[in-house]
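Below is one structure; the comments refer to it alone.
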Amino acid sequence: MGNQEIFDKLKNAIVNQDINGCPVITQEALDAGITAFDIINEALAPGMKVVGDNFEAATIYLPQIMMSAKAMKAAMEILEPILAEEKGDDEGVGMAVTFVQEGDIHDIGHRLVTTMLGANGFEILDLGTDIPNEDVVEAIAKNKGKKMLLVGSALMTTSMLGQKDVVRLLEEENLRDSVKIMFGGAPVTDAWIAECGADGTAENAAEAARVALELMA
2 MGNQEIFDKL KNAIVNQDIN GCPVITQEAL DAGITAFDII NEALAPGMKV
52 VGDNFEAATI YLPQIMMSAK AMKAAMEILE PILAEEKGDD EGVGMAVTFV
102 QEGDIHDIGH RLVTTMLGAN GFEILDLGTD IPNEDVVEAI AKNKGKKMLL
152 VGSALMTTSM LGQKDVVRLL EEENLRDSVK IMFGGAPVTD AWIAECGADG
202 TAENAAEAAR VALELMA
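When we follow this note's numbering, the leftmost residue of the sequence shown carries the number 2, and every step to the right adds one.
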């Protein structure tokens, strides 16, 4: 079986909420010599994108999303130790402080982006979901002096509006210049990034890692 066939098989397992099949196919991919990074980039992330698109189209609902997320988690439990080995003794490119905006508990994209950033050498501080802006600013303040990237996500327009407040609070606390800021999520656009004063966005986890590295260069 070729690499693309394995990617498609794993992608379909994510879409079909195959919790038992995902780790089996993931191990199959590793045994075929595929890197953990490529497994995430070429199978898990595209699979979760299909799940997200289906949810937006109302062809599936929250229970199906949660099952797909569990399937992805089962695969990630195998991949995360390998990602750490692939990263090796790399000192890293900085700290990535990741979170999901207050009022929002959708964390599938957040998990994927956080994983991809870790795989690309970032030290990860994952604040979690439904995080108040004040807690985000406090985390940045506590780590002032480090090379930092703030990565926030929001799936809903209502929670997205809080991203602008995060930037404002950082400015008020004289912390804005100490951190690069990326925001993402379904409603986030380049125009919104410019309006709220952030530094970048991305449409998927793999692109997020690339943009993050460019911002930190």
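Quick reminder that beta carbons are idealized off the backbone N, C-alpha and C, glycines included.
If you're wondering where the values come from, they're calculated on a predicted model, not measured in any experiment.
Check, Outcome
"Measure the Cβ-Cβ separation of Phe123 and Ala97 and say whether it is below 8 Å.", "yes"
"For a test of the three-state rule: what should DSSP assign to Ile113, helix, strand or coil?", "It should be noted that the sequence gives Leu, not Ile, for residue 113. Residue state, collapsed to three classes: helix."
"List in chain order: all unbroken alpha helix (DSSP H) runs of 4+ residues lying wholly within the region 17-63.", "22-32, 37-40, 46-57"
"Tell me Phe8's beta-bridge partners as DSSP assigns them.", "Looking at the DSSP assignment, Phe8 forms no beta bridge with any residue, so it has no partner."
"How far does the alpha helix (DSSP H) with Ser160 in it reach, from first residue to last?", "158-173"
"Just to confirm before moving on: does the CB-CB distance between Met49 and Leu113 stay below 8 Å?", "yes"
"Nearest by alpha-carbon distance to Glu204: which of Ala46, Gln18, Ala76 is it?", "Ala46"
"On the premise that Gly104 lies in contact with Thr159, defined as a C-beta separation below 8 Å, what is that separation, rounded to the nearest angstrom?", "6 Å"
"For Asp200, name the three-state secondary structure that DSSP assigns.", "coil"
"Does the Cβ of Leu63 have 16 or more other Cβ atoms within 10 Å, making it buried, or fewer, making it exposed?", "exposed"
"In the DSSP assignment, what are the bridge partners of Asp127?", "Thr99"
"Can you grab the Cα-Cα spacing for the pair Val16 / Ala76, in whole Å?", "13 Å"
"Going by DSSP in three states, Leu118 sits in which element: helix, strand or coil?", "helix"
"Measuring straight from C-alpha to C-alpha, what distance separates Val101 and Gly163?", "10 Å"
"May I ask which residues mark the beginning and end of the alpha helix (DSSP H) holding Lys143?", "134-143"
"For the beta strand (DSSP E) that Asn2 lies in, which residues bound it at each end?", "According to the sequence as given, residue 2 is Met; it is not Asn. Premise fails: Met2 is in no beta strand (DSSP E) and is neither H nor E."
"Which residues share a DSSP beta bridge with Ala154?", "Reading off the sequence, residue 154 comes out as Ser, not Ala. Bridge partners of Ser154: Val101, Gly185."
"Just reading off the alpha helix (DSSP H) that Arg211 is part of, what are its end residues?", "206-217"
"Measure the beta-carbon distance from Leu151 to His107 and round it to whole angstroms, keeping in mind my assumption that it falls under 8 Å.", "18 Å between Cβ atoms; not a contact."
"Around the Cβ of Pro82, are there at least 16 other Cβ atoms within 10 angstroms (buried) or fewer (exposed)?", "exposed"
"Just verifying my parser: in three-state terms, what is the DSSP assignment at Lys74?", "helix"
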